[in-house]
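Student: A single structure is presented below for examination.
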């Protein structure tokens, strides 16, 4: 069962980073989760049960930390700073238009494998190893597909903005 939890370490780190946006806290949260689960190790039936429990415990710890930080952090509202950072309506429209274009390009022009690798890595935060396992391909194929997808998007985007 210990090897099962060790295998979950990378997956859980990605989950913590998405919640807390802090890589340093990831190890602390995972260690705390494993300490909470260790006394229950005999009642965990299989790897999928361990994965579900570990994910739930890590998620709950992250939520607790976010709530705790929310109570402690206080700052004054600086109206001038906020007004300086606000983009104009025209800038917002341009950004939305560019995002929609890139989304359409990804969905229409990239291969299904490139689309999946790009989504799993850039939007779900999975590592190359996790993507390779999920898609049942080599890590080098993951890197190659991600690189080709990004290059295709970049080239088309640069051409579009000329």
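Numbering (this note's numbering), first residue to last: 165 to 326.
The beta-carbon is built from N, C-alpha and C at its ideal position, and this holds for glycine as well.
(1) Please state whether DSSP places residue 178 in a helix, a strand or coil.
(2) So, with DSSP's three-state summary, where would you put residue 212?
(3) Could you say if the segment 191-200 and the segment 309-320 meet the contact criterion of at least three C-beta pairs nearer than 8 Å?
(4) Could you pull the start and end residues of the alpha helix (DSSP H) that residue 201 belongs to?
(5) Looking at residue 189 and residue 229, is the spacing between their C-beta atoms short of 9 Å?
(6) With the cut-off set at 9 Å, would you say residue 219 and residue 179 are in Cβ contact?
(7) Does residue 150 come out as helix, strand or coil in the three-state DSSP assignment?
(8) So, do the segment 266-277 and the segment 313-322 have three or more beta carbon pairs nearer to each other than 8 Å?
(9) Once you ignore the five residues that flank residue 237 on each side, which residues in its own chain have a CB closer than 6 Å to its CB?
(10) At the level of alpha carbons, what is the spacing between residue 222 and residue 256?
(11) By alpha-carbon positions, which one of 195, 226 and 261 ends up nearest to residue 182?
Tutor: The short version:
(1) Here residue 178 refers to the residue found at position 14 of the chain shown. Three-state result, residue 178: helix.
(2) Against the chain shown, residue 212 aligns to sequence position 48. Note: residue 212 maps to helix in three-state DSSP.
(3) no
(4) The count along the chain shown starts at 1 and reaches residue 201 at position 37. 187-201 is the extent of the alpha helix (DSSP H) around residue 201.
(5) Within the chain shown, residue 229 is the residue found at index 65, counting from 1. Within the chain shown, residue 189 is the residue found at index 25, counting from 1. For residue 229 and residue 189, yes; Cβs fall inside 9 Å.
(6) Locating residue 219 in the chain shown gives position 55, where the first residue counts as 1. Locating residue 179 in the chain shown gives position 15, where the first residue counts as 1. Yes.
(7) Only positions 165 to 326 of the chain appear in this structure, which leaves residue 150 out of reach.
(8) yes
(9) For this step, residue 237 is matched to residue 73 along the chain shown. The pLDDT assigned to residue 237 is 45, lower than 50, so where the model puts this residue is not dependable, and the model offers no usable value.
(10) To locate residue 222, count along the chain shown from 1; it is residue 58. To locate residue 256, count along the chain shown from 1; it is residue 92. Roughly 36 Å between the two C-alpha positions.
(11) Translated into positions along the chain shown, residue 182 becomes position 18. Among 195, 226 and 261, the Cα nearest to that of residue 182 belongs to 226.
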